[in-house]
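Residue numbers (my numbering), protein chains in the order written: chain A, 5 to 473; chain B, 316 to 432.
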């Protein structure tokens, strides 16, 4: 990272600041959406605030002008990569003060923007700060379905029936309702929304399901737009932009034409490369926000066609096929995974024997964390070489720790043990919490050896030994 | 955990508490209830025996005489109630709100509430 004052002024460049690429891009897209939708008019004076203190914040018109000015300053700073965390803090204050200082001006969109900008302003490298942003999105979906599922009108379908039939008056919908028993279609839509939001809450929490959840969420919001012809002002732009925090933006992208690209060492060709070329271009997102931000009534047709085209074009079938092909390649030429374990811990040694007995195909090899090979592998993966509180599973060029490592080992054992892999659906912090309790007490509960586990001669080939052995 | 993380985590926990709190109150603020309800209402406001026009109601509450609220009927009531208890407490306004929630007519809401006989 360069000095903040030497950052690029190019709004499309999100790579040179303290914020990760995807987070900065998300913030810029939200700001652009707010500008396109004319949100500088949405900062009102203080009127009927949530807390009376806001009534004493000076003359209302000056208060309003200050908020508008801060919004302009914060968004320009953000777009041009100047002190981006401070810019986010300014924007967060603008939005949170706006919603807190006027019940009339309260809206979920403004509160959402305030939350996102605040949590981004709190971002600190080397801490798991991105998790806070992810939890924010999950809380939005959680609140959304909790509010719906306790509402009689949502459970009965009355809400959707009235909204579509009487408020926004979609003729197609009204026609379709005549083909089904009364309320059936509206109940279907209401419950689809509730179930989708429950699914998003759970799946976005789970690393394994996150990719699927992202696509579900994108299709959910886009289909809602196509059905209702309503984009909930800037909310659709904001929530879709926020999905960027669930993806890891590649560190190295080498474009070799439209249909060939190398991303983080992996080559892609053909249509998949074309899609990746587009998906990993900030300009694409700027254009998308520009289209969604067009005046709603005048450009509705263009927006609907653009969303339809995007849903077809980005349908993730090539990604799924690529993933399965890769899996099949890996399975046809398996490379043994390596388990690094605490060599002086009785529980860990017992676990190694447990795995060996249930792994006749020798999918796993072993090394003590304290041994020469163990220390080399730890250094290769930039892991601490003097902490032995977790065992580590190395699969090709990836490593896993704590409960995730344990579950991935169980997945590859004989018998019914792979069924336990379903526990991976439990959010990692919860799994790791229980793992840590056992790890911290393992010596006290199971005892400790004076020296590292030495494999018997018949098991020696399953253990990584120092080169000079 | 650093102070930054603690502030962020505290902010998220507060939102969770607001989601739970919303189950027990009529208003829906800070609880992520987007477009959960379609409330159509009509306000009648009388001060000293004179009924306010639509424009006067708009200027008073910044709410239309006939309007729509997409979160909860309680939000409209809460806004009017707060206005009448603070900025407009000397006017002794009488407010009647006729409203429908998702197309279903509800009992009129009256401010000040009629005293129990």
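Think of the CB as a built atom: it goes at the ideal place given N, C-alpha and C, for glycine as much as any other residue.
If the criterion is Cβ atoms closer than 8 Å, does the pair residue i and residue j meet it?
{"i": "residue 263 of chain A", "j": "residue 273 of chain A", "result": "yes"}
{"i": "residue 23 of chain A", "j": "residue 181 of chain A", "result": "no"}
{"i": "residue 403 of chain B", "j": "residue 136 of chain A", "result": "no"}
{"i": "residue 342 of chain A", "j": "residue 468 of chain A", "result": "yes"}
Expressed to the nearest angstrom, what Euclidean distance is found between the alpha-carbon atoms of residue i and residue j?
{"i": "residue 109 of chain A", "j": "residue 11 of chain A", "result": "36 Å"}
{"i": "residue 401 of chain A", "j": "residue 326 of chain A", "result": "19 Å"}
{"i": "residue 222 of chain A", "j": "residue 450 of chain A", "result": "48 Å"}
{"i": "residue 296 of chain A", "j": "residue 177 of chain A", "result": "23 Å"}
{"i": "residue 128 of chain A", "j": "residue 95 of chain A", "result": "18 Å"}
{"i": "residue 114 of chain A", "j": "residue 358 of chain B", "result": "27 Å"}
{"i": "residue 474 of chain A", "j": "residue 423 of chain A", "result": "Absent from the model: residue 474 of chain A. The displayed extent of chain A is 5 to 473, so no value can be given."}
{"i": "residue 418 of chain B", "j": "residue 419 of chain A", "result": "57 Å"}
{"i": "residue 158 of chain A", "j": "residue 352 of chain B", "result": "9 Å"}
{"i": "residue 250 of chain A", "j": "residue 401 of chain B", "result": "45 Å"}
{"i": "residue 67 of chain A", "j": "residue 369 of chain B", "result": "27 Å"}
{"i": "residue 429 of chain B", "j": "residue 411 of chain B", "result": "11 Å"}
{"i": "residue 352 of chain A", "j": "residue 379 of chain A", "result": "17 Å"}
{"i": "residue 16 of chain A", "j": "residue 26 of chain A", "result": "12 Å"}
{"i": "residue 374 of chain A", "j": "residue 126 of chain A", "result": "37 Å"}
{"i": "residue 152 of chain A", "j": "residue 437 of chain A", "result": "31 Å"}
{"i": "residue 85 of chain A", "j": "residue 14 of chain A", "result": "8 Å"}
{"i": "residue 364 of chain B", "j": "residue 426 of chain B", "result": "14 Å"}
{"i": "residue 473 of chain A", "j": "residue 200 of chain A", "result": "Because residue 473 of chain A sits at a pLDDT of 45, beneath the cut-off of 50, its placement in the model cannot be relied upon, and the following sentence gives the value as read from the coordinates. Cα-Cα distance, rounded: 57 Å."}
{"i": "residue 385 of chain A", "j": "residue 336 of chain B", "result": "46 Å"}
{"i": "residue 261 of chain A", "j": "residue 321 of chain A", "result": "22 Å"}
{"i": "residue 354 of chain B", "j": "residue 69 of chain A", "result": "32 Å"}
{"i": "residue 102 of chain A", "j": "residue 73 of chain A", "result": "13 Å"}
Helix, strand or coil for residue i? Go by DSSP, reduced to three states.
{"i": "residue 108 of chain A", "result": "coil"}
{"i": "residue 382 of chain B", "result": "strand"}
{"i": "residue 485 of chain A", "result": "Residue 485 of chain A falls outside the range modelled here, since chain A spans only 5 to 473, and no answer is possible."}
{"i": "residue 20 of chain A", "result": "coil"}
{"i": "residue 245 of chain A", "result": "helix"}
{"i": "residue 399 of chain A", "result": "strand"}
{"i": "residue 357 of chain A", "result": "helix"}
{"i": "residue 365 of chain B", "result": "strand"}
{"i": "residue 406 of chain A", "result": "helix"}
{"i": "residue 153 of chain A", "result": "helix"}
{"i": "residue 186 of chain A", "result": "coil"}
{"i": "residue 132 of chain A", "result": "coil"}
{"i": "residue 340 of chain B", "result": "coil"}
{"i": "residue 367 of chain A", "result": "coil"}
{"i": "residue 72 of chain A", "result": "helix"}
{"i": "residue 424 of chain B", "result": "strand"}
{"i": "residue 458 of chain A", "result": "coil"}
{"i": "residue 415 of chain A", "result": "helix"}
{"i": "residue 87 of chain A", "result": "coil"}
{"i": "residue 260 of chain A", "result": "coil"}
{"i": "residue 51 of chain A", "result": "strand"}
{"i": "residue 302 of chain A", "result": "coil"}
{"i": "residue 349 of chain A", "result": "strand"}
{"i": "residue 473 of chain A", "result": "Caution applies to residue 473 of chain A, whose pLDDT of 45 falls short of 50 and renders its modelled position unreliable; the value that the coordinates give is listed next. Residue state, collapsed to three classes: coil."}
Pick from the options: whose alpha carbon is nearest that of residue i?
{"i": "residue 121 of chain A", "options": "A:91, A:195 and A:236", "result": "A:91"}
{"i": "residue 232 of chain A", "options": "A:444, A:220, A:216 and A:174", "result": "A:174"}
{"i": "residue 348 of chain A", "options": "A:359, A:377, A:392 and A:323", "result": "A:392"}
{"i": "residue 285 of chain A", "options": "A:237, A:439, A:267 and A:333", "result": "A:267"}
{"i": "residue 244 of chain A", "options": "A:217, A:259, A:270 and A:62", "result": "A:217"}
{"i": "residue 167 of chain A", "options": "B:318, B:338, B:350 and B:377", "result": "B:350"}
{"i": "residue 318 of chain B", "options": "A:72, A:77 and A:131", "result": "A:131"}
{"i": "residue 423 of chain B", "options": "B:356, B:370 and B:381", "result": "B:356"}
{"i": "residue 375 of chain B", "options": "B:365, B:390 and B:398", "result": "B:398"}
{"i": "residue 83 of chain A", "options": "A:331, A:31, A:443 and A:199", "result": "A:31"}
{"i": "residue 327 of chain B", "options": "A:144, A:79, A:87 and A:80", "result": "A:144"}
{"i": "residue 355 of chain A", "options": "A:252, A:446, A:299 and A:305", "result": "A:446"}
{"i": "residue 186 of chain A", "options": "A:202, A:160 and A:171", "result": "A:160"}
{"i": "residue 413 of chain B", "options": "B:380, B:427, B:340 and B:331", "result": "B:380"}
{"i": "residue 2 of chain A", "options": "A:303, A:246 and A:333", "result": "Absent from the structure is residue 2 of chain A, since the part of chain A shown begins at 5 and ends at 473."}
{"i": "residue 292 of chain A", "options": "A:13, A:29, A:14 and A:20", "result": "A:29"}
{"i": "residue 224 of chain A", "options": "A:198, A:258 and A:313", "result": "A:198"}
{"i": "residue 319 of chain A", "options": "A:226, A:252 and A:248", "result": "A:226"}
{"i": "residue 308 of chain A", "options": "A:228, A:275, A:364 and A:464", "result": "A:228"}
{"i": "residue 333 of chain B", "options": "A:148, A:61 and A:97", "result": "A:148"}
{"i": "residue 238 of chain A", "options": "A:65, A:255, A:41 and A:18", "result": "A:41"}
Looking at the C-beta of residue i, does it have a partner C-beta in chain D at a distance below 8 Å?
{"i": "residue 189 of chain A", "result": "Included in the structure are the protein chains A and B, with no chain D among them."}
* Answer yes if the stretch 429-444 of chain A comes into contact with the stretch 206-214 of chain A, meaning at least three C-beta pairs across the two stretches below 8 Å, and no otherwise. => Contact holds: three or more Cβ-Cβ distances are below 8 Å.
* With a cut-off of 8 Å, do at least 3 Cβ pairs link the stretch 39-48 of chain A to the stretch 105-122 of chain A? -> In the pairwise beta carbon analysis, the stretch 39-48 of chain A is classified as touching the stretch 105-122 of chain A: at least three pairs are separated by under 8 Å.
* With contact counted as at least three CB pairs below 8 Å, one residue from each stretch, are the stretch 341-352 of chain B and the stretch 386-396 of chain B in contact? -> Three or more beta-carbon pairs drawn from the stretch 341-352 of chain B and the stretch 386-396 of chain B are found closer than 8 Å, and the two stretches are therefore classed as touching.
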